[in-house]
Amino acid sequence: MKRVFLILCICALGSGLFANGQQDRGKQQEVPLTGSLISSTPLEFTYFNIFNNMPFNPEWPVFKASAENTNVYLKGVASQSSSDEQSAFNLMITAGDLPDIIGYRDISKLESLGREGGLIPLNDLIAEHAPDLQRILDENPDYLKAATSLDGNIYVVPKFMEVDVAMGYFIRTDWLKKLNLEVPQTIDELYDALTAFKTQDPNGNGKADEIPYFRRNSDGNLWNLFHMWDAASSFDVKDGNIVYGPMEEEFKLAMKTLAKWYKEGLIDPEIFTRGLGARDVMLGQDIGGFTHDWFGSTANYNTKLADTIEGFEFRPMIPVKNQNGERVEKSARCHGPGWGISSSCEDPVTVIKYFNYFFTPEGHKLINYGIEGETYTLDGNKPVYTDKVMNSDKTALATLRGYGVQYRIGMVQDFAYEKAWLNEIAAEGMQMYIDGGYVKREIPTSDGYILLKYTPEQEREYLRIMSQIENYTLEMIQKWLMGSSDFEADYPSYVRKLKDKGIEKAIEINQAAFDVYNGL
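Note that numbering that gives the first Met the number 0 numbers the sequence shown so that position 407 is 406, with each residue one more than the last.
Written as structure tokens, this is what we have:
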């Protein structure tokens with residue numbers, strides 16, 4: 000009996016200890032989360048994205064900080080040596096091994112993936128677990144429209160933009176002063192100024208080496224020059240209707256004029272091959288006179304070259320008046336792709352909470368400005384970048400991107416982030432374009448991709464058609480500019496071939512998508 004009693008006591012004690020242990024574990028799981036913590040234990044999720052040839056790197060300080068703050072860690076699945084985003088994305092989709100989180104440059108591809116089941120709808124998850132993101136969508140109908148797919152679901156949390164202004168025209172104002180010329184106000188005045196740059200030796204070296212117009216051209220196109228005539232090298236909006244720019248009268252006028260300018264040496268003879276280093280070469284060698292580029296990075300050359308080129312001034316100018324007396328700038332920021340949650344993700348609730356973090360005040364500052372005290376300080380509510388950013392051997396933007404700032408994720412891009420590193424000249428130029436209302440954006444685009452909403456059937460047909468047309472148009476633009484094809488003689492044949500390749504159907508598809516976009 001004593002043995003039985005002893006065994007029963009031991010069992011009761013063990014049961015009590017087990018029950019207490021279970022209660023302790025339950026209490027541990029129920030410990031309230033403090034600060035920005037999303038999980039009491041570290042959680043890791045896989046993530047695909049390659050932005051501006053930069054595969055996601057979890058070692059960037061911004062994402063290390065977000066991990067420390069939330070206990071949610073991201074593991075990049077794209078190789079750090081990979082720069083071909085499209086190939087890497089297609090390979091991932093074909094393999095069918097989807098990571099937890101996916102970002103890509105073309106939001107229509109992501110939404111299509113969502114409608115096919117590769118990404119999950121986020122509407123209910125956002126409503127239940129992402130209050131800061133939900134508030135942003137509720138307060139900004141334009142943001143909600145950008146995020147909503149054709150079927151009414153949100154598959155992607157976009158990168159929302161606060162301001163339209165992106166790029167503008169710059170001209171060598173020191174050359175204008177030397178030649179007693181004013182800043183051009185019309186296309187004819189611009190032509191006269193570029194001709195003077197070519198023929199009157201404004202750099203004063205006794206050589207006819209000036210390149211009046213240059214561009215950091217990596218796409219083989221002339222879209223920013225076409226804009227001066229309110230023309231387009233792709234789809235455009237005219238009187239509320241979608242048109243294919245190269246079939247319009249404005250394009251014909253622009254193309255004939257630019258071919259004449261090229262023949263006269265006013266356009267860089269290597270415009271299609273010089274590449275992204277053109278700005279460094281043209282300005283650094285004191286031979287470039289006029290371009291169209293990003294305000295921030297271009298204005299920095301006024302400081303960069305101040306000690307090497309006497310009197311150097313490269314200032315922004317408003318768009319010249321076109322043939323209709325209008326000033327038009329079509330390169331505008333647009334709400335772009337962000338990221339979505341794949342159907343392979345086993346814990347979408349935690350991921351949507353992590354997405355929401357970047358819409359909280361803490362996450363918003365982190366993704367927009369970097370690490371407080373290291374990349375920026377606050378003067379009241381105004382971010383001020385540190386010497387580490389402003390006095391780096393790189394541009395301020397390149398330095399910030401090395402921290403993971405402004406990576407392509409779901410967020411609101413705060414215009415203050417850019418104002419903080421713009422020099423006075425760049426800020427002045429952006430304000431000129433904002434105040435003048437020159438920016439004209441009717442079709443949403445990002446990185447050259449139209450961000451309209453297509454049904455799967457529309458998208459398949461559209462891509463099939465445009466895979467033939469885009470390269471053909473680009474080839475002909477280059478031939479016409481360089482004189483290897485006579486524009487007047489060949490243009491009718493070009494239009495016939497466009498129609499044979501299905502351009503009218505592509506216009507019809509884009510019109511339907513544009514109508515949906517405006518009605519969403």
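Just so it is clear, CB atoms sit at the ideal spot from N, CA and C, and this is done for glycine as well.
Could you give the distance in angstroms between the alpha-carbon of residue i and the alpha-carbon of residue j?
i           : j           : result
residue 226 : residue 66  : 44 angstroms
residue 154 : residue 198 : 56 angstroms
residue 146 : residue 442 : 16 angstroms
residue 117 : residue 96  : 10 angstroms
residue 391 : residue 351 : 36 angstroms
residue 503 : residue 465 : 11 angstroms
residue 273 : residue 215 : 7 angstroms
residue 70  : residue 362 : 13 angstroms
residue 22  : residue 37  : Unreliable positioning characterises residue 22 in this predicted model, as indicated by a pLDDT of 38, which lies under 50. The coordinate reading is nonetheless provided below. When rounded, the distance between both Cα atoms is 22 angstroms.
residue 308 : residue 82  : 35 angstroms
residue 34  : residue 475 : 58 angstroms
residue 322 : residue 250 : 12 angstroms
residue 518 : residue 338 : 24 angstroms
residue 395 : residue 401 : 10 angstroms
residue 88  : residue 103 : 8 angstroms
residue 382 : residue 368 : 7 angstroms
residue 27  : residue 128 : A caution first: residue 27 carries a pLDDT of 36, below 50, which makes its placement in the model unreliable, though a value can still be read off. Approximately 22 angstroms, taken between the alpha carbons.
residue 56  : residue 200 : 48 angstroms
residue 25  : residue 142 : Low per-residue confidence applies at residue 25: pLDDT is 34, beneath 50, and the placement is therefore not dependable, though the value from the model is reported in the following sentence. Distance between the alpha carbons of residue 25 and residue 142: 41 angstroms.
residue 76  : residue 235 : 37 angstroms
residue 512 : residue 149 : 9 angstroms
residue 255 : residue 496 : 20 angstroms
residue 515 : residue 372 : 46 angstroms
residue 324 : residue 187 : 12 angstroms
residue 218 : residue 478 : 15 angstroms
residue 107 : residue 492 : 32 angstroms
residue 131 : residue 53  : 28 angstroms
Bridge partners for residue i per DSSP, in chain order?
i           : result
residue 215 : Partner(s): none; residue 215 has no beta bridge.
residue 160 : 412
residue 348 : Note: residue 348 sits in no beta bridge, so no partner.
residue 316 : 168
residue 341 : 118
residue 291 : 168
residue 50  : 53
residue 438 : 328
residue 34  : BP columns for residue 34 are empty, so no partner.
residue 377 : 382
residue 267 : Residue 267 is not bridged to any residue.
residue 242 : 235
residue 136 : In DSSP, residue 136 forms no bridge with anything.
residue 458 : Beta-bridge pairing links residue 458 to no other residue.
Taking 8 angstroms as the CB-CB cut-off, is residue i touching chain D?
i           : result
residue 495 : The question asks about chain D, but that chain is absent: this structure has only one protein chain.
Rounded to whole angstroms, how far is the Cβ of residue i from the Cβ of residue j, which I believe are closer than 8 angstroms?
i           : j           : result
residue 211 : residue 282 : Contact flag wrong, Cβ pair sits at about 13 angstroms.
residue 305 : residue 428 : At roughly 18 angstroms, the Cβ-Cβ gap does not stay under 8 angstroms, so residue 305 and residue 428 are not in contact.
residue 508 : residue 460 : 6 angstroms
residue 473 : residue 223 : Not confirmed; about 15 angstroms, so no contact.
residue 438 : residue 328 : 5 angstroms
residue 319 : residue 185 : 5 angstroms
residue 357 : residue 366 : 5 angstroms
residue 43  : residue 74  : 6 angstroms
residue 317 : residue 326 : 6 angstroms
residue 332 : residue 229 : Contact flag wrong, Cβ pair sits at about 20 angstroms.
residue 237 : residue 247 : 7 angstroms
So which of the options has the shortest CA-CA distance to residue i?
i           : options            : result
residue 86  : 39, 123, 38, 47    : 47
residue 334 : 368, 158, 487, 431 : 158
residue 501 : 261, 32, 467, 354  : 467
residue 39  : 434, 229, 488, 72  : 72
residue 41  : 88, 458, 513, 353  : 353
residue 121 : 134, 275, 276, 152 : 152
residue 436 : 492, 139, 167, 53  : 167
residue 425 : 113, 109, 101, 313 : 313
residue 113 : 455, 409, 408      : 455
residue 343 : 203, 98, 201       : 98
residue 407 : 93, 484, 100, 92   : 100
residue 422 : 208, 111, 302      : 302
residue 172 : 325, 409, 450, 310 : 310
residue 482 : 218, 125, 262      : 262
residue 105 : 495, 458, 486, 477 : 458
residue 480 : 336, 260, 156, 115 : 260
residue 409 : 188, 380, 133      : 133
residue 355 : 92, 411, 315, 31   : 411
residue 374 : 203, 61, 136       : 61
residue 380 : 386, 393, 364      : 364
With a threshold of 7 angstroms, establish whether the CB of residue i neighbours any heavy atom of the ligand FMN.
i           : result
residue 495 : This structure does not include the ligand FMN; it has no bound ligands of any sort.
Original post:
Is the region 179-196 touching the region 283-290, taking contact as three or more C-beta pairs under 8 angstroms?
Top reply: The region 179-196, when compared against the region 283-290, does touch it at the 8 angstroms Cβ threshold.
Subject >> the region 410-423 in contact with the region 338-349 per 3-pair CB rule at 8 angstroms >> reply: no
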